[in-house]
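Q: Each protein sequence line maps, in turn, to chains B and G.
Going by UniProt numbering, the first residue of the first sequence is number 1, and it counts up by one from there.
Going by UniProt numbering, the first residue of the second sequence is number 1, and it counts up by one from there.
For each residue, glycine too, the CB sits at the ideal point set by N, CA and C.
Since this is a predicted model, take the numbers as computed values, not measurements.
First, the structure itself, so that you have it in front of you.
2 protein chains.
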Amino acid sequence: MTTTQEPREGLDDLPYNVFAKACPSRGTLEHVTGRWGGLTLGALYEGSLRFNELRRRVDGVSEKMLSQTLHALERDGLVHREAQPTNPPRVDYELTPLGRGIAERLLSLIHFVEGRMDDVLAARRRYDETRGAR
Amino acid sequence: MTTTQEPREGLDDLPYNVFAKACPSRGTLEHVTGRWGGLTLGALYEGSLRFNELRRRVDGVSEKMLSQTLHALERDGLVHREAQPTNPPRVDYELTPLGRGIAERLLSLIHFVEGRMDDVLAARRRYDETRGAR
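Here it is, written out as structure tokens:
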């Protein structure tokens with residue numbers, strides 16, 4: 001399958017389309033934007049981390065969920081798992097070049113959202129007041 | 001809200017931080033990157049749509065899930081709901097300027113992922129083969 005990446009107008013030429021239910025790109029998009037996948041990619045963008053370091057950085061994730069998240073990202077080729085031959089074994093996780101490309105775009109979205117939260121919270125207050133009144 | 005997180009070049013000036021469990025930005029990020037929220041924002045980026053048009057565009061979404069998704073996006077101030085005084089009433093959904101800013105960044109991520117799916121699928125095959133062997 002060949003990729004012909006083009007401006008937005010020509011996107012229907014792409015062989016993959018997240019708007020189609022059966023397209024595998026939808027699953028990958030979910031891995032990278034899921035609750036823990038996105039935060040994991042964002043955390044690893046700053047540099048490689050060990051499992052427990054990652055767990056502290058991604059506040060609120062359980063050991064099981066982080067493990068599942070890392071497996072999905074590793075399988076998609078976005079995260080590289082490096083086991084050091086030490087005793088006890090030391091395992092580092094880092095982004096692959098592909099994972100970095102995705103994390104960059106995700107962080108651009110994250111920072112935009114963080115920077116607009118005052119507006120979002122003001123909109124929520126207005127919405128809740130209006131709904132209370134009608 | 002004050003953030004006491006480690007260096008992230010300049011970003012620590014921001015009062016909101018998705019890496020903190022209790023930060024409201026995490027909820028908004030989930031609304032815009034959730035399975036249906038992201039696709040809904042992406043679909044509306046092309047122009048305003050009626051409910052049923054949206055439902056056809058976001059392949060696989062149920063009426064109930066689309067309705068919940070639109071409410072969350074409207075409450076966050078990302079989607080505007082315009083009820084026309086016709087009979088039967090006609091309701092259009094469109095992005096607010098804030099929603100457009102978010103959708104742009106989300107679409108950049110979506111198109112990047114769609115454009116790299118050959119690599120992702122090749123990585124999955126390698127991963128599954130290696131795991132089968134060990």
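Is the Cβ of G:M65 closer than 8 Å to any Cβ of chain B?
A: no
Q: For B:L78, which three-state DSSP category applies?
A: Of the three classes helix, strand and coil, the one that applies to B:L78 here is coil, per DSSP.
Q: Around the C-beta of G:R75, are 16 or more other C-beta atoms found within 10 angstroms, so that it is buried, or is it exposed?
A: buried
Q: Under 8 Å by Cβ, that's how I've got B:D59 and G:F19 pegged, so tell me the actual separation to the nearest angstrom.
A: That belief holds up - the Cβ atoms of B:D59 and G:F19 are roughly 6 Å apart, short of 8 Å.
Q: So, at 8 Å on beta carbons, what are the nonlocal neighbours of B:P85 in its own chain, with the 5 sequence-adjacent residues on each side left out?
A: Residues of the same chain with a CB within less than 8 Å of the CB of B:P85, apart from the 5 flanking positions on each side, do not exist.
Q: Would you mind working out which of G:E53, G:S67 and G:R50 sits nearest G:W36, comparing C-alpha positions?
A: G:S67
Q: Report yes or no: do three or more beta-carbon pairs, one from the segment 16-32 of chain B and one from the segment 47-65 of chain B, lie closer than 8 Å?
A: no
Q: Closer than 8 Å by C-beta to G:R55: which residues in its own chain qualify, once you throw out the five before and the five after it? Chain order, please.
A: Hits under 8 Å: V61, E63 and L66.
Q: Closest Cβ-Cβ distance between G:R55 and chain B: below 8 Å?
A: Proximity of G:R55 to chain B, defined by a Cβ-Cβ separation below 8 Å, is not satisfied.
Q: Using 10 angstroms around the beta-carbon of B:G38, count the other beta-carbons present and answer buried if the total reaches 16, otherwise exposed.
A: buried
Q: Would B:P24 and G:L121 be called neighbours here (beta carbons separated by less than 8 Å)?
A: yes
Q: Buried or exposed for B:T130, please, with buried defined as at least 16 other CB atoms from any protein chain shown within 10 angstroms of its CB.
A: exposed
Q: Which of the three DSSP states is assigned to B:T2 in this structure?
A: Annotation note: pLDDT 41 at B:T2 (below 50); position unreliable, coordinate value reported separately. Coil, per DSSP.
Q: What span of residues does the beta strand (DSSP E) with G:V91 cover, start to end?
A: R90 to L95
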